[in-house]
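Working notes, structure below.
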Amino acid sequence: MNLSLVIPVYNEQETLPLLFDAIYQTMSPVSQSWEAVLVDDGSNDESLSVLREYAQKDAKHIRVISFRRNFGQTAAIAAGIDFSKGDIIILLDADMQNDPADIPMLLAKLDEGYDLVSGWRKDRKDNAVTRNFPSMLANGLISRVTGVHLHDYGCTLKAYRREALEGFRLYGEMHRFIPVYADSVGAKIAELPVRHHPRKYGKTKYGLERTAKVILDLLTVKFLVSYSSKPIRLFGGAGGALMIISAFIMFYLFVRRVFFFIGVSTSPLFQTSAMFFILGFQSILMGLIAELLVRTYHESQRKPTYTIRTKINMEPDPRD
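See the structure below:
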């Protein structure tokens, strides 16, 4: 199997026939073998019935996974990737705002040597106030914090080489950060403008409340990518900074006591300095404990601290 289309589905019964028509129209000229893995994320309409009907008509190309309840888009994407067989994985939404006709363009970019090609909804057809503007701010923040600069993290339409998705697991609502995880294992990333269409049926599953979730997820991703293998740098750095602040406060109190005869213990700055010192010391201890946990994790599971792109004239690894 060369290509796998992974498509999460949630309450899209009206859109699915249009989606399948577009997929067949796009994939028919493609010479590679392909499959479409559609994951029904606990839909409460007739989406599963529609999926079952198409799967019965075309067992060669259409595969369906159905969740017992709604687990979220990240879980649906993770399941689709786990059960897909293709060397190249293409993600897209089922609402037809992504255009399957852009798939050949993404594949052509992959052929230039990239491991991940991300779609950019340059002319986005969503509400400017509730969707586009918050998304623009979020994309800028994510790019700045992670160092992986993309215009549109929220665009589901992306093409991956399978090896670019190995070495990490998706959970929570982390699907939008796949490029960051892929970059952490050395993937070459490109971005292309893709078409974006207004939603014809149903309503969007996201609103402004997603902004807070994105910020919290970003903190998690930044920690996992930058500090998961060396947590002492985060905890030790924070602890050291607190202890330095504590030392400056104590020096200031000492100077006041010696030259101006102002009591030390009666000043609220004394309690503040003591609190900063204790917090700093505890933070360093937490960093050391985290280091022990990281070592135990890598050694117990024989998980390497590196990723390999290619091997030349090497014997097969007995662990593979």
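Under my numbering, residues 793 to 1112 are what the sequence shown spells out, in order. The beta-carbon is built from N, C-alpha and C at its ideal position, and this holds for glycine as well. Computed from a prediction, not measured in an experiment: that's the story for all the values here.
- The Cβ atoms of I880 and I873 do not sit closer than 8 angstroms to each other.
- Your pair S858 and D832 checks out as a contact, with CB atoms roughly 4 angstroms apart and the cut at 8 angstroms.
- Across the set P926, T1088, R916, L843, the C-alpha of R916 shows the shortest separation from the C-alpha of P985.
- A straight-line Cα-Cα distance of about 46 angstroms links K1022 and A814.
- The Cβ neighbour count for D975, taken over all protein chains shown within 10 Å, is at least 16; the residue is labelled buried.
- Apart from the 5 residues on each side of it in sequence, G1055 sits with its Cβ closer than 8 angstroms to the Cβ of R1049 in its chain, given in chain order.
- Between G1031 and F1073, the CB-CB gap stays under 8 angstroms.
- According to DSSP, K877 shares a beta bridge with no other residue.
- The three-state reading of DSSP puts D832 in strand, counting E and B together.
- The beta-carbon distance between M928 and T866, rounded to whole angstroms, is 22 angstroms. This is too long to meet the 8 angstroms contact definition.
- The Cβ atoms of R861 and V829 do not sit closer than 8 angstroms to each other.
- Bridge pairing for I882: L797, A951 [DSSP].
- Contact check for T938 and K849: beta-carbon distance about 43 angstroms, past the 8 angstroms limit, so the pair fails to qualify.
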